Amino acid sequence: MFNKNVRMFSKNDYVCLYNIITMNTIYLKQSTLTNKEKTKELISKMPQDFLKGTNHYEQIQESIKPFLLPKLKTLFMIINETCNLFCKYCRYIQKLPKNHVGTVMDKTIGKGIIEKFLSGDNTGIERKSIVIFGTEILQHPDLVESLAKCVREFDAKNNVNTELTMFTNGVLINNKVIKIIKENSIVTIISIDGPKEIHDQARIYRSGKGSYEIVKKNCDLLRENGIRFGISTAVGEHNIDALPDIIEHFVKEFNPINIGLNPMEINKDAPKDIFYTKFMRQSLKAFEIARNYGVSLPQVMRRIRPFVERRQRIKECPTCGGSLRVYPNGRIGTCSHFVANDEYCIPYKTYVEDGISKNKIIRQWSLRTQFNFPKCSECEAISLCGGGCVYNAFLQNNDIMSPDHRVCSHSKYGLEWCIWKLFDDIVGKKILEISDIIVPDIEMRRALYGKIDEVNNVLPLQEYNSFGEVSLNIG
Ligand SMILES: C[S@@+](CC[C@H](N)C(=O)[O-])C[C@H]1O[C@@H](n2cnc3c(N)ncnc32)[C@H](O)[C@@H]1O
Ligand code: SF4
Ligand code: SF4
14 MFNKNVRMFS
24 KNDYVCLYNI
34 ITMNTIYLKQ
44 STLTNKEKTK
54 ELISKMPQDF
64 LKGTNHYEQI
74 QESIKPFLLP
84 KLKTLFMIIN
94 ETCNLFCKYC
104 RYIQKLPKNH
114 VGTVMDKTIG
124 KGIIEKFLSG
134 DNTGIERKSI
144 VIFGTEILQH
154 PDLVESLAKC
164 VREFDAKNNV
174 NTELTMFTNG
184 VLINNKVIKI
194 IKENSIVTII
204 SIDGPKEIHD
214 QARIYRSGKG
224 SYEIVKKNCD
234 LLRENGIRFG
244 ISTAVGEHNI
254 DALPDIIEHF
264 VKEFNPINIG
274 LNPMEINKDA
284 PKDIFYTKFM
294 RQSLKAFEIA
304 RNYGVSLPQV
314 MRRIRPFVER
324 RQRIKECPTC
334 GGSLRVYPNG
344 RIGTCSHFVA
354 NDEYCIPYKT
364 YVEDGISKNK
374 IIRQWSLRTQ
384 FNFPKCSECE
394 AISLCGGGCV
404 YNAFLQNNDI
414 MSPDHRVCSH
424 SKYGLEWCIW
434 KLFDDIVGKK
444 ILEISDIIVP
454 DIEMRRALYG
464 KIDEVNNVLP
474 LQEYNSFGEV
484 SLNIG
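In structure tokens, the structure reads:
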């Protein structure tokens, strides 16, 4: 009776029919579906994409082709390799030998890369974005300032307004840094893992002393100077159970622009699937708090927004044709895990002389979509998934063109959450007392955002965070 892309989800007395490609959604009572007399009437009320006929999966294979070409919008500049902190989980610092000196990006190389990136292919790109990143970048405030100035000089000459963002642990913020931030309009993201007793379990100095108090003091200094900032939180065993309370704490103590939740990378203490599923469950609980305050959680929105807007997420990660990473020595490539090992990257000189958007590595990565993976073709979560992390897929399958199965439970849990939370938010039970079916329109679906003004929000790295979401008008 139904289109082959329709899946059925049940909860108590209710059923949701969901088209895995168009993401259109119908709610009805179990009893309506089993009532033969009502079936005919039901079919006449159903949108076309629920009925037998078009193969939406074949349709989407064609429609995504133009989106599989590179569009390099974001440059992550990893400018250094050492840190003033020694966070217990740090993917960069914990791997280094004890007295590692580390390379710091040369100013001239940095400026050369910025100019090349900003003047490179702009086709279809409204605004480019540069992120000053690394270990702790504020150990080198003069370098940060000259890179920022280089961006703003390019902007002035070319009448553009590049988005400029930096990530910091917040320990070294002072009046000089505030001046740099203000003069160059740098959006600042600060890493905080929770209130003092949680943050100080992981984000410590080499001596073992926690960093919360100094970070809080510096955040207050930013706020006194009228600077709002985002928060980046690494989610691991030290804070995952308290995530919803942590959101409350952040909103009250820091009034952040948004809060990024980054799952801890796979390690021997955190079995990958169990941790990842728990991460999704807890992130969604945290989201329910955050949306009441109108605060967006970008990583959670990456699953929710495609469902709400019915905009398919055809790629997971901006490394797949949307962004570049450059290391301190100028080596440039896609994903930092690979660039760190000198894989899938090219030297500075090659980049500056030849560019990269036509490079075969970039072209190959741009083709990575779950819609090209046979194993994903029947999956209910295919349109909001993205196929997971490229690096993890490589670790699991020795092939970047394969799904990262760690993401499966995460995406599927996210989809079911969206389906039944939406039903609750629109008070579906009440509507089904007077109507046989509900086909939520876009305004109803946006109930999932709560007080988050997702349509008008201008948030840090908003484009980067919605990478891979496209409107294909299928169905
Ligand atoms: C590597 S740091 C660099 C910038 C700066 N030093 C800071 O801490 O904000 C960038 C972000 O990566 C996160 N991070 C570090 N190690 C991680 C890991 N193993 N898994 C997940 N996130 C991690 C940090 O919490 C931080 O928010
Ligand atoms: S402050 Fe950032 S770079 Fe430094 S150890 Fe902590 S997470 Fe790593
Ligand atoms: S990676 Fe897993 S969840 Fe994602 S589309 Fe493929 S099978 Fe589905």
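Count along the sequence shown starting at 1, add 13, and that's the number in the numbering used here.
Every residue, glycine too, gets a C-beta built ideally from N, C-alpha and C.
Values in this document were obtained by computation on a predicted structure and should not be read as measured data.
Proximity of the stretch 158 to 175 to the stretch 223 to 235 falls short of the contact definition, fewer than three beta-carbon pairs being nearer than 8 Å. By DSSP's assignment, V157 forms no beta bridge with any residue. Taken in chain order, the complete alpha helix (DSSP H) segments of 4 residues or longer contained in the stretch 186 to 239 are 188 to 196, 209 to 215, 225 to 237.
Counting C-beta pairs with one atom in each stretch, the stretch 42 to 53 and the stretch 93 to 102 have fewer than three that are closer than 8 Å, which means they do not touch. Per the DSSP secondary-structure output, T246 pairs in a beta bridge with L274. In the three-state reduction of the DSSP assignment, M414 falls in the coil class, being assigned neither a helical nor a strand state. The three-state secondary structure of S132, taken from DSSP, is helix. The residues Y462, G463, K464, I465, in chain order, have a CB closer than 7 Å to that of R304 in the same chain once the five nearest residues on each side in sequence are set aside. DSSP places E176 in no alpha helix (DSSP H) but in the uninterrupted beta strand (DSSP E) bounded by 176 to 181. The Cβ atoms of L85 and G133 lie closer than 8 Å to each other.
Non-local beta-carbon contacts of I211 in its own chain, meaning distances under 8 Å to residues more than five positions away in sequence, involve H251, N252, A255, I259 in chain order. Look at T332 here: in three-state DSSP terms it is coil, with no helix or strand label. Excluding the 5 residues flanking it on each side, E75 has no same chain C-beta neighbour closer than 8 Å. Contact check between the stretch 365 to 379 and the stretch 391 to 398: fewer than three CB pairs, one atom from each, fall below 8 Å, which does not count as touching. Looking at the backbone, the Cα of M457 and that of V321 are separated by about 9 Å. In the structure shown, the three-state DSSP call for K49 is helix.
Contact between I240 and I191 holds: CB atoms are separated by about 7 Å, below the 8 Å threshold. Residues L88 of the same chain have their beta carbon placed closer than 6 Å to that of F130, with the five preceding and five following residues left out of the count.
Judged by their CB atoms, N271 and P311 are nearer to each other than the 8 Å cut-off. In the structure shown, the three-state DSSP call for E71 is helix. In terms of CA proximity to Y306, E467 leads the group E467, V403, C163.
The DSSP assignment places 87 to 91 as complete runs of the beta strand (DSSP E) inside the stretch 69 to 105, in order along the chain (cut-off: 3 residues).
In terms of side-chain proximity, the C-beta atom of I77 is found no nearer than 7 Å to any non-hydrogen atom of ligand 3.
Residue selection by CB proximity (closer than 5 Å to any heavy atom of ligand 1) returns Y102, C103, R104, E149, F180, N182, S204, S245, A247, N275, M277, E278 in chain order. When secondary structure is reduced to three states using DSSP, E356 falls in the coil class, being assigned neither helix nor strand. If you compare the alpha carbons of E329, I447, K434, F480 with that of F22, the shortest gap goes to K434. One thing to note: V403 has its Cβ no nearer than 8 Å to the Cβ of C358.
Closest by C-alpha distance to E278, out of V264, H350, G335, is H350. If you ignore the 5 residues before and after G147, its C-beta comes within less than 6 Å of the C-beta of I91, I92, N93, all in its own chain and listed in chain order. Per DSSP, the continuous alpha helix (DSSP H) segment holding Y361 begins and ends at 361 to 367. By the neighbour-count criterion, in which a residue is buried when 16 or more other Cβ atoms sit within 10 angstroms of its Cβ, L474 is buried. In this model, T363 and F267 are separated by some 43 Å (Cα to Cα). DSSP places K464 in the coil class of the three-state scheme, outside both helix and strand.
Under the DSSP definition of a beta bridge, R338 partners with F89, G346. Spanning the alpha carbons of A215 and G249 requires a straight line of approximately 10 Å. Taking T290 as the centre and dropping the five residues before and after it, the same chain places the C-beta of S422, H423, Y426 closer than 8 Å to its C-beta, in chain order.
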